[in-house]
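Below: one structure, written as structure tokens.
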Amino acid sequence: MDDEAVDICDELTRFSDAQAALLTSRGLVYLTDLKLDGNRHGTIVAASYADAESVARRRGRGEKVIGRMAHGFLHGLRRRLLQKVRGTGSWCARATG
Numbered sequence: 001m002d003d004e005a006v007d008i009c010d011e012l013t014r015f016s017d018a019q020a021a022l023l024t025s026r027g028l029v030y031l032t033d034l035k036l037d038g039n040r041h042g043t044i045v046a047a048s049y050a051d052a053e054s055v056a057r058r059r060g061r062g063e064k065v066i067g068r069m070a071h072g073f074l075h076g077l078r079r080r081l082l083q084k085v086r087g088t089g090s091w092c093a094r095a096t097g
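Each residue of the sequence shown is one higher than the one before, counting from 1 in this note's numbering.
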């Protein structure tokens, strides 16, 4: 698995900032930890913790759901992840959709 594939496991890249903030405020965004080459984070949009875990398992990348994302944490994480993925295809979108 290359770094690019790990870095773009952020479902929030599919949404505008306003949409991502709304999803987060409603408790629908789950933060994940990818235990590959250090700690990396991704996000899963899901109706429940169990649904988020199911998505993480289907991805098959050792991803672990660590909890709901808080709105204050969203902006910094989103900016870092988007900087890493600009100009690349979305690996997670291809794997899950």
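For each residue, glycine too, the CB sits at the ideal point set by N, CA and C. These numbers come from a predicted model, not from an experiment.
Inclusion of Leu-12 and Ala-20 in the CB contact set at 8 Å is warranted, their separation being smaller than that value. In terms of Cα proximity to Cys-9, the closest of Ile-66, Arg-40, Ser-54 is Arg-40. Excluding the 5 residues flanking it on each side, Ile-66 has same chain C-beta neighbours closer than 6 Å at Leu-31, Asp-33, in chain order.
With respect to the 8 Å criterion, Ala-50 and Ile-44 are not classified as neighbours on the basis of their beta carbons.
DSSP links Val-29 through a beta bridge to Val-45.
In the three-state reduction of the DSSP assignment, Arg-40 falls in the strand class, which pools E and B. Of the residues assessed, Gly-62 falls on the exposed side of the cut-off, its CB having fewer than 16 other CB atoms within 10 angstroms. In the structure shown, Arg-61 falls within a coil segment according to DSSP collapsed to helix, strand and coil. Closest in C-alpha terms to Ala-70, from the list Arg-14, Ser-16, Leu-22, comes Leu-22.
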